[in-house]
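Trainee: Got a structure here, written out as structure tokens. Questions coming.
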Amino acid sequence: MVESVGVLSRIWRFIRSAPLTYLWLIILAYTTAVAHDVNPHRLHHILVHRSTNLHHLDTNPIKVLIESLLWIDGRYWLPYLVMFTIFLAPAERWLGSLRWLLVGLAAHVGATYLSEGWLYWQIVRGAAPQSMENVPDIGVSYFAVGLVAVLSYHIARPWRWGYVAAVLLTFIVGLAWQPGFTALGHLCAVLIGLCCYPLTRGRGAPWNPRPSRASVTGSCSPP
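Here the numbering used here is used: the sequence shown runs in plain steps of one and ends on residue 449.
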């Protein structure tokens with residue numbers, strides 16, 4: 227019983243150390259429940275009106291940039307709980323809530339405008355239909371991907387370079403496999419996250435997956 231209380235206490239401390247991450251997850255859980263409760267036509271109407279498509283970015287950008295972060299592109303919330311706990315919560319604990327928010331918003335806004343700008347260019351040159359101006363574009367992924375990328379600066383060299391390579395390769399392959407403005411937006415979010423290095427300064431020593439020999443020797447030496 228005491229051990230169970232200890233585990234729950236550690237979980238609660240972890241959640242409290244990343245308040246914005248888990249508050250956001252609670253909101254997403256609510257909107258996902260709403261999405262399960264309405265019929266597909268009504269859900270499509272809800273998502274389209276909160277979409278960061280070209281039409282809404284032209285007419286009401288701030289509203290849709292905020293509201294698009296409150297819904298997920300799909301009906302399954304559990305994968306977001308896993309992703310947020312593995313990546314976003316550690317990023318918030320490390321950066322602090324304000325810097326975490328700045329990095330995420332920079333990735334969300336920047337990747338949205340870059341990807342939708344590319345889509346607009348495709349429409350102008352006739353490579354995409356005019357109807358793409360109203361295509362649904364919603365979800366938390368650009369915000370999250372930017373934080374996944376910036377988390378690389380929390381990892382000590384040389385492990386950092388393997389992490390960066392894995393993140394870049396994941397989204398480059400995604401863009402090559404299924405070209406489109408969403409995949410392009412994900413890659414842009416990665417690059418924006420990597421450009422946020424100045425916001426990581428002064429956040430403590432990077433995490434080393436393999437402690438140095440000196441620290442191991444020190445910890446093993448008798449008192």
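Heads up, the beta-carbon is just placed ideally off N, CA and C, and yes, glycines get one too.
1. Name the DSSP beta bridge partners of I381, please?
2. If you draw a straight line from the C-alpha of T258 to the C-alpha of I298, how long is it?
3. Could you work out which residue in I364, P245, V350, A337 is closest to P316 when comparing CA atoms only?
4. In its own chain, which residues sit with a C-beta less than 6 Å from the C-beta of A382, not counting the 5 before and 5 after it?
5. Could you compute how far the alpha carbon of G444 sits from the alpha carbon of A415?
6. Ignore the nearest five residues each way along the sequence and tell me which others in S447's own chain have a CB closer than 8 Å to its CB.
7. On a Cα-Cα basis, can you pick out the residue from H262, F310, W387, D363 that is closest to P287?
8. Can you list, in chain order, the residues of its chain whose CB lies under 7 Å from that of L327, leaving out five sequence neighbours each side?
9. Is W320 near R429, with beta carbons less than 7 Å apart?
10. Closest to T278 by C-alpha separation, out of S367, G400, P305, would be which residue?
11. How would you label A402, buried or exposed, when you count the other beta carbons within 10 angstroms and need 16 or more for buried?
12. Rounding to the nearest angstrom, what Cα-Cα distance links C421 and H267 in this structure?
13. Taking DSSP as the reference, what is the three-state secondary structure of S243?
14. Under the three-state reduction of DSSP, which class applies to G372: helix, strand or coil?
Mentor: According to the data block:
1. Position 155 of the sequence shown, counted from the first residue, corresponds to residue 381. Its beta-bridge partners are W433.
2. Locating residue 258 in the sequence shown gives position 32, counting from the first residue. Locating residue 298 in the sequence shown gives position 72, counting from the first residue. Straight-line Cα distance between these residues: approximately 7 Å.
3. Position 90 of the sequence shown, counted from the first residue, corresponds to residue 316. Of I364, P245, V350, A337, the residue nearest in Cα terms is P245.
4. Mapped onto the sequence shown, residue 382 falls at position 156. The residues are P432, N434.
5. For this step, residue 444 is matched to residue 218 along the sequence shown. For this step, residue 415 is matched to residue 189 along the sequence shown. Its pLDDT being 43, under 50, G444 is placed unreliably in this model, and the coordinates cannot settle the point.
6. For the purposes of this step, residue 447 is taken as residue 221 along the sequence shown, with counting starting at 1. The predicted position of S447 is uncertain, since its pLDDT is 40 and thus under 50; no value can be drawn from it.
7. Taking the first residue of the sequence shown as position 1, residue 287 is located at position 61. Checking every option, the nearest Cα to that of P287 belongs to D363.
8. Taking the first residue of the sequence shown as position 1, residue 327 is located at position 101. Result list for L327: L246, in chain order.
9. Position 94 of the sequence shown, counted from the start, is the residue given in the question as residue 320. Position 203 of the sequence shown, counted from the start, is the residue given in the question as residue 429. Yes, the pair counts as a contact, with Cβ atoms nearer than the cut-off.
10. Taking the sequence shown and counting its residues from 1, the one referred to as residue 278 is at position 52. Closest by alpha carbon: S367.
11. In the sequence shown, the residue the question calls residue 402 occupies position 176. A402 should be labelled exposed.
12. For the purposes of this step, residue 421 is taken as residue 195 along the sequence shown, with counting starting at 1. For the purposes of this step, residue 267 is taken as residue 41 along the sequence shown, with counting starting at 1. Taking the straight line joining both Cα atoms gives about 40 Å.
13. Your numbering for residue 243 matches position 17 in the sequence shown. The answer is coil: DSSP assigns S243 none of H, G, I, E or B.
14. Looking up residue 372 in the sequence shown gives position 146. In this structure, G372 counts as helix in the three-state DSSP scheme.
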